[in-house]
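Student: Numbered by mature numbering (1 follows the signal peptide of the UniProt record, and there is no 0), the letters in the sequence shown go through residues -21 to -1, 1 to 442 in order.
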Amino acid sequence: MKKILLIGLVAAFCLCGHSRAQNQNSAADLMKQAQENLDKHSYITARYLFLQAYNAFVAEGDYAQAVVCGVNACALYHRENYYKESFEVLTRADQMVSEGEKKSGKQMPALRYPIIKERMRMYLNMGKTGNAKTQLDQLEDVSKKADSDSLKTDLLYTQAAYFYTLRQNDKGDATIRQLIEESNRQQAAEAQSKYDTLKQQYDTSLQTIEEKDSSLFAKQYFIVSLGILSVILAAALVGVAVILLRFFVLSRKQKKAIALANEHNELKTQFIQNISAQMEPTLATLDDRQPGVQALRGFAQHIQELSDLEQSLSEPYEAEEKNVSTFCEGLMEKIQKANQKDLALSVNAPKLNVKICPEQLEYILLHLLENAVRYTSDGGKVTLDFKKRGAHTHQFIVTDTGCGISEEQRAKLFKPFSEIKDLTQGDGLGLPICSLMAIRMNGSLTLDEGYTKGARFILELHA
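Here is the structure:
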């Protein structure tokens, strides 16, 4: 009877141990299954499994693996333009890292790095270059805190891709050169470290030899040590040369890939311009008094403007000094003349001279003000404000008390051709054109999502 009872206890102990092992491996298994589904292009299943693995790793306190799973799930979300869900995943990941820092009493910048990088990629995809630049600055800050050579290298790759995406090729090339210099510095530092270690070993060996008598054995030992040192140094130099060669080959491939992407963008732009040009002869045969014909003409003109801007983002406009108060008052007078509603229109701008690109700035602000008047009911208010944000930074802010902009519309507000609509009701290209103009003026156009009493657009320019 005692023997049977002992066997039962041993079996129960083994079952408990087996169950515990299954729980410990569940997070790793989920992550493996998610990666397998991702390799098979089963994106929805992979996204679900990455989220499950994320929750399991959080429960186990494995924050590093949890961040990897969370970032992968986020990438699969915004691959299908589910930006709201993507930002929620990254917010949860940020909170998780903060809790980990609080428990450990240590900062975890290396874990924050991939979260910020993914958020920056999404803002770039959404066309929010100002927000993307903010994330890039944060990325640089956490990279410095992490003090990791691999993160420094990745940061330079990320900065180069950011500049090339915005057609700032000069800055992109400068970053690539900095990347090459940083890689050379790291390789040289590693080689120097190896040399110093070997030199120290050599000095120790030499001191040992000097402490002994000058026998033949001591001389032979010295020669052998010197030979080994030479072989190791030669091997180290060969290794450094191989690593540098591989790096240059990789950099060349990446530059070719970037050049190919730029070529595709140019072909796309040329294609759109050809469509616009082919529409013109047909439109010339139609009655310009028809609303549909007028809408098509405006659409063709906007397509041409959009294509021209995409090709010339790196070419700055000519700036001139203007009195900002007089400039803003003149714009509001134009809006007041065309306004048929009972609205309160006001300007808050100091009598200050600043350097601006008047023609392009007028285009953007008139478009924003016309939209504000259109979507604000009688009795509402439309305001144009100017604010100085630093020695070389200022903002033009257009605020209204209208119907506001829905969550769904915000994600595609600055994206051209994001929806199919009746062209007589507008082609939706006005804000994308204004956003590209702002970039060309070394600035950004964004929607203030924290403002809830209508809509507020912020045009920030850097002198």
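We put the beta carbon where it would ideally sit given N, CA and C, even for glycine.
Can you tell which of ALA32, GLY369 and ILE376 has its C-alpha closest to the C-alpha of ALA442?
Tutor: Counting from one through the sequence shown, the residue named residue 442 turns up at place 463. Of ALA32, GLY369 and ILE376, the residue nearest in Cα terms is GLY369.
Student: To the nearest whole angstrom, what separates the beta carbons of LEU426 and CYS413, a pair I think is in contact under 8 angstroms?
Tutor: As a first step, residue 426 is located in the sequence shown; it is residue number 447 there, counting from the start. As a first step, residue 413 is located in the sequence shown; it is residue number 434 there, counting from the start. That belief does not hold up - the Cβ atoms of LEU426 and CYS413 are roughly 12 angstroms apart, past 8 angstroms.
Student: Which residue's Cα is closest to the Cα of MET420: ILE314, ARG435 and GLU299?
Tutor: By one-based count along the sequence shown, residue 420 stands at place 441. When each option's Cα is compared against that of MET420, the closest is GLU299.
Student: Excluding sequence positions up to five away, which residues of its chain have a Cβ less than 7 angstroms from the Cβ of MET416?
Tutor: Indexing the sequence shown from 1 puts residue 416 at position 437. LEU288, GLN339, TYR342 and ILE343.
Student: Indicate whether at least one CB of chain D lies closer than 8 angstroms to the CB of GLU338.
Tutor: The chain labelled as chain D is not found in the depicted structure, where only one protein chain is given.
Student: How many Å lie between GLN86 and GLU80 at the Cα?
Tutor: The residue you call residue 86 lines up with position 107 of the sequence shown. The residue you call residue 80 lines up with position 101 of the sequence shown. Rounded to whole angstroms, GLN86 to GLU80 spans 5 angstroms at the Cα level.
Student: Could you pull the DSSP bridge partners for SER325 from this structure?
Tutor: For this step, residue 325 is matched to residue 346 along the sequence shown. According to DSSP, which records beta bridges pairwise, SER325 is partnered with THR362.
Student: I'd like to know if the segment 67 to 83 and the segment 35 to 49 are in contact, where contact means that at least 3 CB-CB pairs between them fall below 8 angstroms.
Tutor: Segments in contact, yes.
Student: Could you tell me the distance, in whole angstroms, from the CA atom of PRO395 to the CA atom of LYS112?
Tutor: For the purposes of this step, residue 395 is identified with residue 416 of the sequence shown, where counting begins at 1. For the purposes of this step, residue 112 is identified with residue 133 of the sequence shown, where counting begins at 1. If I take the Cα positions, the gap works out to 21 angstroms.
Student: Considering only C-alpha positions, which residue in the set PRO411, GLN171 and PHE142 is nearest to GLY151?
Tutor: The residue you call residue 151 lines up with position 172 of the sequence shown. Nearest of PRO411, GLN171 and PHE142 to GLY151, Cα basis: PHE142.
Student: What are the uninterrupted segments assigned as alpha helix (DSSP H) that are 4 or more residues long and contained completely in the segment 345 to 389, given in chain order?
Tutor: Qualifying alpha helix (DSSP H) stretches, in chain order: 386 to 389.
Student: What does DSSP give as the partner residue(s) for ARG435 in the beta ladder?
Tutor: The residue given as residue 435 occupies position 456 in the sequence shown. ARG435 is bridged to THR378.
Student: Give me, in chain order, the residues of the same chain whose beta-carbon lies closer than 7 angstroms to that of LEU134; leave out the 5 immediate sequence neighbours on both sides.
Tutor: For the purposes of this step, residue 134 is taken as residue 155 along the sequence shown, with counting starting at 1. Taken in chain order, the residues that qualify are LEU118, GLU119 and SER122.
Student: Using CA atoms only, rank isn't needed, just tell me which of ILE418, MET10 and VAL377 is closest to PHE36.
Tutor: As a first step, residue 36 must be located in the sequence shown, where it is residue number 57. Checked all of ILE418, MET10 and VAL377; the closest Cα to PHE36 is MET10.
Student: In or out: ILE155 buried (at least 16 other Cβ within 10 Å) or exposed?
Tutor: Within the sequence shown, the letter at position 176 stands for residue 155. ILE155 comes out buried.
Student: Quick check on the DSSP output: the alpha helix (DSSP H) that includes GLU308 runs from which residue to which?
Tutor: As a first step, residue 308 must be located in the sequence shown, where it is residue number 329. Per DSSP, GLU308 belongs to the alpha helix (DSSP H) from 303 to 317.
Student: For ASN332, write down the residues that DSSP places opposite it in a beta bridge.
Tutor: Taking the first residue of the sequence shown as 1, we reach residue 332 at position 353. Looking at the DSSP assignment, ASN332 forms a beta bridge with ASN302.
Student: Assuming VAL352 contacts LEU322 under a Cβ cut-off of 8 angstroms, what Cβ separation, rounded to an integer in Å, is found between them?
Tutor: Residue mapping note: residue 352 aligns to position 373 of the sequence shown, counting from 1. Residue mapping note: residue 322 aligns to position 343 of the sequence shown, counting from 1. About 6 angstroms separates the two Cβ atoms, so the contact holds.
Student: Classify CYS53 as buried or exposed, calling it buried when 16 or more other Cβ atoms lie within 10 Å of its own Cβ.
Tutor: In the sequence shown, the residue the question calls residue 53 occupies position 74. Classification of CYS53: buried, given that the 10 Å Cβ count is 16 or more.
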